[in-house]
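These notes concern the structure reproduced below.
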Amino acid sequence: MVKITDDMREIVGRARGWALATVDKEGIPNVVPIGNAKVLSDTEILLTDNFMNKTIENIKANPDKVAVSAWDWETVQGCQFKGTARIERSGEVFEEAVHLAKSKAKARMTLLEAPRARAELVARIPRIQPKGAVIVTIKSIYMTSPGPGAGKQVA
Ligand SMILES: Cc1cc2nc3c(=O)[nH]c(=O)nc-3n(C[C@H](O)[C@H](O)[C@H](O)COP(=O)(O)O)c2cc1C
Numbered sequence: 632m633v634k635i636t637d638d639m640r641e642i643v644g645r646a647r648g649w650a651l652a653t654v655d656k657e658g659i660p661n662v663v664p665i666g667n668a669k670v671l672s673d674t675e676i677l678l679t680d681n682f683m684n685k686t687i688e689n690i691k692a693n694p695d696k697v698a699v700s701a702w703d704w705e706t707v708q709g710c711q712f713k714g715t716a717r718i719e720r721s722g723e724v725f726e727e728a729v730h731l732a733k734s735k736a737k738a739r740m741t742l743l744e745a746p747r748a749r750a751e752l753v754a755r756i757p758r759i760q761p762k763g764a765v766i767v768t769i770k771s772i773y774m775t776s777p778g779p780g781a782g783k784q785v786a
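Each residue of the sequence shown is one higher than the one before, counting from 632 in the numbering used here.
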């Protein structure tokens, strides 16, 4: 069974950002940077839809053609997940996405040195409201870490 391992959780847990790739009905790819993402379960990645447009259209057109990549700059290790996406706009997982978006914004605040930039972000946090949760169910996993195993399928 395809399963996200503890090692993979560690790598993606240290990722500063993720890449989410989808494909439209003509087969044209679309890849976007995503800040709000995490491992939801052994087989699922959660991403928050705050600003997605083409991405959502593509998921509706081709839900089983989705790839997610995340990497750790410190250790130069990365994982790529391919699978099927669904969108939820209410319920438990959606609420988790709302919580994720707000907690990521709070974490970003600690990186801001300028008091004014911090104050602006603090003021914005209550208004952060994802439109939806994108849940990718993983069907295959590849390691992207440089070296002999680069790009190899591991699950
Ligand atoms: C650093 C960074 C982080 C981002 N994080 C998110 C995010 O967590 N969720 C989101 O919906 N959009 C996020 N965006 C915006 C998306 O990358 C993208 O602009 C949006 O999905 C619209 O593109 P689309 O029409 O191709 O879907 C982020 C953009 C940047 C540059």
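Built from N, CA and C at the ideal position, the CB exists for glycine as well.
Inset, instruction - State the start and end residues of the unbroken alpha helix (DSSP H) segment that holds I772. - result: From DSSP, I772 is part of no alpha helix (DSSP H) but of the beta strand (DSSP E) over 763-774.
Legend entry - Identity of the residues DSSP links to N661 by a beta bridge: T653
Inset, instruction - Quick one: residues in its chain with C-beta nearer than 7 Å to the C-beta of I756, no 5 flanking neighbours on either side, listed in chain order? - result: K733, A736, K737
Legend entry - P664 CB to nearest heavy atom of ligand 1 below 7 Å: yes
Inset, instruction - Give the straight-line distance between the Cα atoms of A771 and L678, rounded to the nearest whole angstrom. - result: At residue 771 the sequence reads Ser, which differs from the Ala that was named. So the alpha carbons of these two residues sit roughly 18 Å apart.
Inset, instruction - Give me the Cα-Cα distance between A646 and I665, rounded to the nearest whole angstrom. - result: 11 Å
Legend entry - Straight-line gap, I759 to C710 (C-alpha atoms, nearest Å): 28 Å
Legend entry - Counted within 10 angstroms of its Cβ, other Cβ atoms place V572 as buried (16 or more) or exposed: An answer regarding residue 572 cannot be provided, because it is not within the stretch 632 to 786 covered by the chain.
Inset, instruction - Check K735 in the structure and name its three-state DSSP category. - result: helix
Legend entry - Coarse secondary structure for T674, derived from DSSP in three states: coil
Legend entry - Segment limits, beta strand (DSSP E) that includes A698: 697-703
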